[in-house]
Structure formats: C-alpha cells, structure tokens
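**Q** Take a look at this one; I'll ask things after.
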Amino acid sequence: MTRTKNSEPATDVAGPGRSPGVAVARSLAQRFSIVIALVVVVAVFGSLRPDTFLTTSTLQGILGSQAVLVVLTCALLIPLTAGDYDLSVAGVLMTSQMMIGVLNAQLGMNIWLVIVLCLVAGVVIGLLNGWFVLLFGVDPFIVTLGTGTILSGVVLWMGDSTTISGISTGLTDWVIVNRFLGVPLAFWYGLIITACLWYFLEYTAAGRRLLFVGRGRAVSRLSGLRVTRIRWGALVASATLASIAGILYAGTTGAADPVSGEAFLLPTFAAAFLGSTAILPGKFNSWGSFIAVYFLVAGTTGLTMLGAQSYVSDLFYGGALVVAVCASRYSRRKEVRESGSL
Amino acid sequence: MSVPAQAGGAPTGAPPVVEARGVSKSFAGVRVLDSVDLDVLPGEIHGLLGENGSGKSTFIKVLAGFHEPDPGGALRINGEDVPLPLAPGAFRDHGLSFVHQDLGLITSLSVLENLRLGTFSRSRDWAIGWRRQRADARTLFEEFSVDLDPAARVADLDGTQRALLAIVRAVHEMRTLRGSARTGPGMLILDEPTVFLPETGRRQLFSLMREIAGGGAAVLFVSHDLDEVREITDRATIFRDGRLRATVQTASVTDTELIELIIGRELPEHGGERDDVAPTASDAAVVVEDLSDERVESVSFALGTGEVLGLTGLLGSGFERIPYLLFGAFPAATGTLRTGAETLSLPAMDPVKAIAHRMALIPADRQRDGSVGSISVRDNAMLQIIDRYTTWRGLSRPQLARDCQETLDRFDVRPPVPGLAYQSLSGGNQQKVLLAKWLGADPRVLLLHEPTQGVDIGARAQIYEVIHDAARADCSVVCASSDYEQLAAICDRVLIFDRGRVARELRGADITKDRIAHECYTLADRAVPAGPVGPTEGEGEGR
Chain A
-14 MTRTKNSEPA
-4 TDVAGPGRSP
6 GVAVARSLAQ
16 RFSIVIALVV
26 VVAVFGSLRP
36 DTFLTTSTLQ
46 GILGSQAVLV
56 VLTCALLIPL
66 TAGDYDLSVA
76 GVLMTSQMMI
86 GVLNAQLGMN
96 IWLVIVLCLV
106 AGVVIGLLNG
116 WFVLLFGVDP
126 FIVTLGTGTI
136 LSGVVLWMGD
146 STTISGISTG
156 LTDWVIVNRF
166 LGVPLAFWYG
176 LIITACLWYF
186 LEYTAAGRRL
196 LFVGRGRAVS
206 RLSGLRVTRI
216 RWGALVASAT
226 LASIAGILYA
236 GTTGAADPVS
246 GEAFLLPTFA
256 AAFLGSTAIL
266 PGKFNSWGSF
276 IAVYFLVAGT
286 TGLTMLGAQS
296 YVSDLFYGGA
306 LVVAVCASRY
316 SRRKEVRESG
326 SL
Chain B
3 MSVPAQAGGA
13 PTGAPPVVEA
23 RGVSKSFAGV
33 RVLDSVDLDV
43 LPGEIHGLLG
53 ENGSGKSTFI
63 KVLAGFHEPD
73 PGGALRINGE
83 DVPLPLAPGA
93 FRDHGLSFVH
103 QDLGLITSLS
113 VLENLRLGTF
123 SRSRDWAIGW
133 RRQRADARTL
143 FEEFSVDLDP
153 AARVADLDGT
163 QRALLAIVRA
173 VHEMRTLRGS
183 ARTGPGMLIL
193 DEPTVFLPET
203 GRRQLFSLMR
213 EIAGGGAAVL
223 FVSHDLDEVR
233 EITDRATIFR
243 DGRLRATVQT
253 ASVTDTELIE
263 LIIGRELPEH
273 GGERDDVAPT
283 ASDAAVVVED
293 LSDERVESVS
303 FALGTGEVLG
313 LTGLLGSGFE
323 RIPYLLFGAF
333 PAATGTLRTG
343 AETLSLPAMD
353 PVKAIAHRMA
363 LIPADRQRDG
373 SVGSISVRDN
383 AMLQIIDRYT
393 TWRGLSRPQL
403 ARDCQETLDR
413 FDVRPPVPGL
423 AYQSLSGGNQ
433 QKVLLAKWLG
443 ADPRVLLLHE
453 PTQGVDIGAR
463 AQIYEVIHDA
473 ARADCSVVCA
483 SSDYEQLAAI
493 CDRVLIFDRG
503 RVARELRGAD
513 ITKDRIAHEC
523 YTLADRAVPA
533 GPVGPTEGEG
543 EGR
C-alpha cells in the first residue's frame, strides 16, 4: 500500500454546518479587523488628547511623513508574496537617500537626473540580490541580510557619517510641501503605489504566478512557471520600489542622514505581516498593509503624545510584529481546519 | 484456500514474539484490515507479502502505533498482553524496531551520530563520551560483520551501506531502548529495504538478517519480491484485500501457489508472446529512445496518437520515473523524444519546454507537486490558461469565473465552488480539478502517475472517462500506475518494467489485472532477457 496523503475521506463541502450569517459576520470582522483597530486607536488617543491628537496638522503630518513606510512596505510585499524575505529594503532606501544627498546637495547634480540614477541603483541592487540567491541557491534571508548591511556601510562611507542638508527644493516641493486636498503629495504617491500593487497582485496573470511561486515552488515549476525568473523579478521590483521610498524619504526630510533609515526595517515587516491578517486574510496584500502602516503610526504617535519615552515605539512595533505573525499563522491554520481537510 | 499456519522453523516452546489476534482497522467504515491473526516466532525470518492496498502496511502501522486499530483485537508480545492501541513510539518499550524504506538517516551527519540518534533523543547526558561511543560502535559493527567507519559521513555511503547502518541501528535500539520491565527477544520489521539495492547489497543484507535471527530475535520482512522471500524467509504470510490469506512454510510452497495467494485468482494459462504488430514509427505521435537515468536503463517506446499506454512493474522497477523524465521534472542521463519532425534531448528537457510541446504531467503527489492547497480552486484550475484572460485592463475576472464554473461543472467537481480553497476538496475532486487544469491547455501528450491514488470509487470511473475522452480527442496518454485493475480498465497497451528496463509488453485481450500481476511477479524469477520492445502501431482498439 503506497502512502496516500489523502486516504482519509475529506468532507465534500467546506466547513462544518454553521449558520451562514454568523460565518459571514465573522469573516467580515476578520477582514476589517485592522480598520476597526485603527478606529479604536484613533478614538482612544483622540479622547485622551483631543487638542493635540485630533488636529488637522497631526493628521496631515502622519499621512504625509509615513508615505515612505507605505512605499517601503509595498516593496517588501512583492518578494514576500513570492516566498522570499528581503531584509535589504531599508539599506536600499538609505542608499538612494544618501545618493541624493551626495550627488544633489553636495555635488550639485540636477535632482531629476539623480532620481533616475537612484532608480538605476535600485535595479542593480535587486539584480545582485537575485544573482546571489538564485545562482548560488542561498537563502535570500541571509543574502539580503548581508547586502543590507553592506549598503548601510556604504551609506556611512558615502556620507562621511554626517547628515547632508540642502537637498533641492524641487524634490521637497513635489514630495511634502505641495498638497492635494490639504494632504502632502507623498501620501498620494503612496496611495497610488498601493493601488497599483493591489491591481498587479489581484488583476494580472503575473500577480497570480507570483503567488503560486510563493506558495508552491514544486507545483509552479511543474506548471511551467519560470520560477527563477519570477523570484529574481520580485527582488528587482522590491529594490526598485525601496529606492523610490528612499527618494520620498529624502524629499520628506529635505536632508540625507546615514543612520535613521535603518529604523524602517522593523515597522515594514510589522506592517506587511499585520496587513496579511486583514482585507484578504492569509495573503500578503497591499491595502491591508496600507491600513496597518497608519495603525502602527497612529499608535506610536499617540503614545508619544501621552508623554511616553521614544523607546515605546520600538516596543509597539516589535510587539505588533510578533502579534501579527502569530495572528496570521493562526488565521491560516484556522482557514485550513475549517475548510475540513487534512 | 487457506494453508494451515503452524510451527515455524524456530525453537518450539518459546511464546511467539508477536501474537496478533483479530486485529482490524477501518477508515470511514471501510475495512482495510479484517481480523488478522498473525504469529511471529523467535529466531524466525517471516515474510509479509501482498499487493498494494492488501493491508500489510496498515498492519505494520498498527504495530508502530501509527494507526489505532478497531476495538476487539488483541496483541501479545513475548506472551504478555499489550493493550491496544499502542501509543506512538511505545513499540520500542516492547522490543520492536522498524526500518522503513526511506531508512530515516540524516545524511549530513556521521555514521556514529546516526547510530546514536535514538539514544540522544532520550538521553539527559550533559557530556557525550565520543571516544567510548566510537569504540562501542566498532564493536557493534564487528558483531554483525558490517564494514562501516563510525566517522564517515552518511552522505558518502552507498545505498547498501546505508541500509546496513539503518538495520544495525534498529537492532541496537531494539536492545538498548527497551523498557526495563520487558524480557524476551525483540522483533525487527523491515519494510522493503532491498528495493533499490544491487545484487551484492542484497546478499550482505540477507546475511545480516540471518545474524539477527540467529541471535534469537524475530525478523518481519515486507517485500514484493517472491525470489527474495523464498530465499530468506522461514515462513511467509500473504495479505489480500485486508485479510490474512495464509501463512505458509516458504520451503514447501511453489511460486504459482504464492502468486495465487497474492492476486487471489487462478492464474490464466500463460500463452507465448503474441506476435507483435510490425512497428511503424512514422504514425507514432511520440517516440522515446534510449531513456536512462540512475534507475532506468535505456528505455525506448513509441506512443501512438490517441493511445493509452500503461507503464507498470514492481516497486523499484523504475516505471514510475518515466512520466517525470519525459516532462523534464527531473533530469535524464540520456535519451531523446521525437515528436513530429522535432527531436528533443531529454537531458535538456524542462517543464517549460515540455509545456511548449503541449505535454501535461499529472503527478502522484497532488499536495506537493500538483496544486497549491491554500489557493482557490479557480486559480489552480485556470493557471495554465490564465494568459487567455489578460486584456488591456488586466485579467477579465468575470470571464475567468464563468469559464471556471463551466469547467468545474463539466468535470463534475463537487462542490463546484471556484472560490473554495483547493485543499478543502476530497481527493477525487482534487484530481478532477488537476485534470481540468491540464486538459484546459489542450495537451497532445498527457502523462499520468497513479491518477486514482486516494480517489474514491465513484470519482475513479469519472476520471477513467475523462482520460478516454482525451484519448478520443487524439491526445496520447502515458499512465504509470501500480494499480493493475486501473491499467486493465484504461490501457491499450501495457509495458512492464523490471530493474529499470522494459521487460514485457501486453496488448489487447492480454491486458487483464491477473495477467499484469502475473507478469510483474514472475519477471524476476525467469530472468528471461527482455525482447526488444520497439515502437509500435499507435491506434488502440477495443476500449
């Protein structure tokens, strides 16, 4: 008797007989849990500090400045969907920010030319990551940990360990100064990129393939997907988007400093995993992560306004990451169990 | 046709090492093991024979504590009653030890580390005395005349050495890990350990088994190979359809009797080889020539348009590798595949190329290789043809949903809900979705491996129908299967493999379950050199 994984008769219909109304309500609650959490956080801090937290300027500040995190999270979602970790996204962000500082502020190169160079640098880093991962068959977790660290070293060296100010107002105008509907343009860029990524993952054949590669490498290969090429493409896309996040970061702060970018890595992962528990639970998705970013930021901003020390944001981000990963694992398992198989 | 089961070639008086009485097991109301009474005596090598699905694996899994038997059975070990079900792992306390076909070795570790794996997992020692351990290992190897270096890495050992190591380890654990209260000889259970071994390896393994039995322990030897069972065992027990059919003295039973017990029917009169129709390669859809890899040797055959070609053989004969090699799922060493005017090199084959030549592969392991369980039925079913739905503004999801619904209805997938996670379907319905996935791409060559494994009876007939429909639409089908009944039901021609080669070809009226079983089991005995199995005429008749 050969071993059959499926010899136990699986039920034909998903899930035990439960009233459909309850199931629908439950699934809706799960899908929008992150939205609910965001509303709760805003309500709590709003009632505690109505005069500072619930002001237009706080809102505008949060929306505009955190667009960097939104874009960086989008960058990370692509390799995560393909089943690969990319720990170099923060390093890429810092690289492109520092390139703007050095080439534009110090050497006076045209800002738009520098932006193009940043994008090229992003593509090159992504290609290198993919090269190490796929041609040598190394775990991307390790490779990108290495390249990310190399990049932060390069950034320190490029910037001579100092903060470079004086970035062209052309960039800051188009990122944070100019507004649409009272909100800095950066927010809208983040929104557009989130929407594009959603469209890509949900409405294109390539997005479907990316998901298959992430969930089942053997299946994908035997289905004729070019697994290597797709994974490589995902790493290039993530580095390129991370580079865009770096450009927005330079535009948001108007300066390039060689260390602060590193702090983005953990919130990015927290937002990506937290986002995967909502909207499309069990699946990395850009709207979930978009809302997760603002949930995390609202939480830390509120805590800071209550007078908490700055280390609280680390506690909050780290805690959110652990909780999010556990929750997403739990919801995936529950989904499997309730669909009555295995 | 039960042959009385009495008195082994072992010292009388001692109680049997294992004494099973009325052991049954049902899955969802289906009895796969029906009231088995089996004795294994000390110092005896006891063969366990039976086809796939005969219940012998289930029985072993009950002993291992992997399956919980139905209430009512009893088990005595060394004359003591043992409560059923056994807890997983409890077999160790009773002096039983298992060697499974995959051997359970960690190849990146040393021989010594593997040998002591079971001890480490239970030991609370803070310091491991490596020097003493090495000496102990050497003594152990000497005792069984096994030539192994404790410091060697398992990855550097050949198959025979690995098998020897696994068996010595099992004996070692049988002795040392037993609960302190138990006495009496242990029992070693070997689950098809010789399948992938060369002839010299078998010899070494057999002499090791004799050493072990000579020391008073019992050996339960599961095998497909009648030759081996005849050579090494004292007695043999035959399972069929979940029942123990007979326990026989190996020395006093003929091959014919054994085969009858295994397949359950009188053997058909074995006529001579049929006159082969003169092969004409020109009207074959696909011609495979000189295909080899580590387990397959120079296999050549032709596949006609719309033909259903079965590949079968005993475990280890290599037939099951052919679909994967043709599809490029793993690399061949040599071989070409000719389709139309094109000749493709098989070592350079990959799935992308195979799909471009309109081939489709439906693997046996649906969960790992076939589909992604956590993704919806729709996405799984439509993966191969998803590009057809790409428009200037992205995927046309309504169209995709409509076509998917239509496909699920056509293949009678139940429930026909495209949004459901694939893994929530039953085995049969999962397989239908896989067929839908690949047939949607309109393949010219359909490669199947165990297409109805884990599939219920009703869905089985539907799957046969789907395969026949594909063949009628001029798709050529290769079906690698160890289910003889299935081969008889769907194939126009069956190739029987033995030790990596095509050894027999059956066609037309010769394709019956019994005949296929007979050929499979007797091939090894007769060792007749295989006649050339050339490319043959394609169109099958009499489906």
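Here the protein sequences come in this chain order: A and B.
Using the numbering used here, the first residue of the first sequence is number -14, and each one after it goes up by one.
Using the numbering used here, the first residue of the second sequence is number 3, and each one after it goes up by one.
By construction, the Cβ of each residue, glycine as well, lies at the ideal position given by its N, Cα and C atoms.
Can you tell me where the beta strand (DSSP E) with residue 285(A) in it begins and where it stops?
**A** Counting along the chain, residue 285(A) falls outside any beta strand (DSSP E), though it belongs to the alpha helix (DSSP H) covering 271 to 290.
**Q** Would you say residue 104(A) reaches chain B, if we count a Cβ-Cβ gap shorter than 8 Å as a contact?
**A** It does not: the Cβ of residue 104(A) has no partner Cβ on chain B nearer than 8 Å.
**Q** At a CB-CB cut-off below 8 Å, which residues of chain B make contact with residue 206(A)?
**A** Those are 331, 353, listed as they occur along chain B.
**Q** Buried or exposed, going by whether 16 or more other CB atoms sit within 10 Å of the CB of residue 164(B)?
**A** Label assigned to residue 164(B): buried.
**Q** For a contact meaning CB atoms closer than 9 Å, what does residue 95(B) contact in chain A?
**A** Within 9 Å Cβ-Cβ: nothing; residue 95(B) doesn't reach chain A, min ~25 Å.
**Q** Can you list the residues of chain A that residue 389(B) reaches, using a CB-CB cut of under 7 Å?
**A** Residues of chain A passing the Cβ test: 190.
**Q** Report yes if the C-beta distance between residue 71(B) and residue 20(B) is below 8 Å; otherwise report no.
**A** Not closer than 8 Å, so no.
**Q** Report the partner residues of residue 109(B) according to the DSSP bridge assignment.
**A** Paired residues: none, contrary to the question.
**Q** At a Cβ threshold of 8 Å, is residue 483(B) touching chain A?
**A** So, not an interface residue.
**Q** Are the stretch 108 to 119 of chain A and the stretch 64 to 81 of chain A in contact at 8 Å, needing three or more beta carbon pairs?
**A** Judged by Cβ distances under 8 Å, the stretch 108 to 119 of chain A makes contact with the stretch 64 to 81 of chain A, as three or more pairs qualify.
**Q** Might you give, ordered along the chain, the residues of its own chain that have their beta carbon closer than 8 Å to the beta carbon of residue 462(B), omitting 5 neighbours on each side?
**A** Excluding sequence neighbours, residue 462(B) sits near 430, 454, 488.
**Q** Below 8 Å on C-beta distance, what does residue 184(A) contact in chain B?
**A** Simply 396.
**Q** Run through the DSSP bridge pairs and tell me what residue 329(B) is partnered with.
**A** In the DSSP output, where bridge partners are listed per residue, residue 329(B) has none listed.
**Q** Output yes if chain B places a C-beta closer than 8 Å to the C-beta of residue 258(A); else output no.
**A** No, because no Cβ of chain B sits closer than 8 Å to the Cβ of residue 258(A).
**Q** According to DSSP, which residues form a beta bridge with residue 353(B)?
**A** Paired residues: none, contrary to the question.
**Q** Within the 8 Å Cβ cut-off, does residue 216(A) reach chain B?
**A** Not an interface residue.
**Q** How far does the alpha helix (DSSP H) with residue 175(B) in it extend, from its first residue to its last?
**A** Start and end: 161 to 178.
**Q** For residue 217(A), which residues from the same chain have a beta carbon less than 7 Å from its beta carbon, with the 5 sequence-adjacent residues on both sides left out?
**A** Excluding residues within five positions, the ones whose Cβ falls inside 7 Å are 115, 119.
**Q** Is the separation between the beta-carbon of residue 226(B) and that of residue 316(B) shorter than 8 Å?
**A** It is a contact, given that the beta carbons lie within the stated cut-off.
**Q** Where residue 285(A) and residue 392(B) are concerned, what is the direct C-alpha to C-alpha distance, given to the nearest angstrom?
**A** Going from the Cα of residue 285(A) to the Cα of residue 392(B) covers about 42 Å.
**Q** Could you name the residues of chain B that residue 211(A) contacts, counting a contact when the two beta carbons are closer than 8 Å?
**A** In chain order: 354.
**Q** In or out: residue 332(B) buried (at least 16 other Cβ within 10 Å) or exposed?
**A** The residue in question, residue 332(B), is exposed, as its Cβ has fewer than 16 Cβ neighbours within 10 Å.
**Q** Using a cut-off of 7 Å between C-beta atoms, extract the partners of residue 203(A) located in chain B.
**A** In chain order: 370, 371.
**Q** Taking the Cβ atom as the reference point for each residue, do residue 182(A) and residue 62(A) lie within a distance shorter than 8 Å?
**A** Yes. Within cutoff.
**Q** So is residue 465(B) in contact with chain A if we call contact Cβ pairs under 8 Å?
**A** For residue 465(B), the answer is no, since every Cβ of chain A falls outside 8 Å of its Cβ.
**Q** Of the residues 102(B), 254(B), 490(B), 48(B), which one's Cα is nearest the Cα of residue 211(B)?
**A** Ranking 102(B), 254(B), 490(B), 48(B) by Cα distance to residue 211(B) puts 48(B) first.
**Q** Less than 8 Å between the beta carbons of residue 98(B) and residue 207(A), yes or no?
**A** Contact flag unset, no.
**Q** Enumerated in chain order, which unbroken segments of the alpha helix (DSSP H) with a length of 4 residues or greater are wholly contained in the stretch 210 to 256 of chain B?
**A** Complete alpha helix (DSSP H) runs here, min 4: 228 to 234.
**Q** Can you find at least 3 beta carbon pairs, one from the stretch 91 to 109 of chain B and one from the stretch 225 to 245 of chain B, that sit closer than 8 Å?
**A** Because the criterion of three Cβ pairs below 8 Å is not met, the stretch 91 to 109 of chain B and the stretch 225 to 245 of chain B do not touch.
**Q** Could you tell me whether the Cβ atoms of residue 306(A) and residue 251(A) are closer together than 8 Å?
**A** Cβ atoms of residue 306(A) and residue 251(A): closer than 8 Å.
**Q** Note down, in chain order, each residue of its chain lying with its Cβ closer than 6 Å to the Cβ of residue 261(B), except the 5 sequence neighbours on either side.
**A** Contacts found: 523.
**Q** Return the Cβ separation of residue 269(A) and residue 257(A) in integer angstroms, given the expectation that the two are a contact with Cβ distance under 8 Å.
**A** Contact flag correct, Cβ pair sits at about 6 Å.
**Q** Out of 246(B), 205(B), 171(B), 472(B), which one is the CA nearest neighbour of residue 33(B)?
**A** Of the listed residues, the one whose Cα sits closest to residue 33(B) is 246(B).
**Q** List the DSSP bridge partners of residue 309(B).
**A** Answer is none; residue 309(B) lacks a bridge partner.
**Q** For residue 48(B), does the three-state DSSP call read helix, strand or coil?
**A** If DSSP states are grouped into helix, strand and coil, residue 48(B) belongs with the strands.
**Q** Looking at the unbroken alpha helix (DSSP H) that takes in residue 256(A), where does it start and where does it end?
**A** Where residue 256(A) is concerned, the enclosing alpha helix (DSSP H) stretches over 250 to 260.
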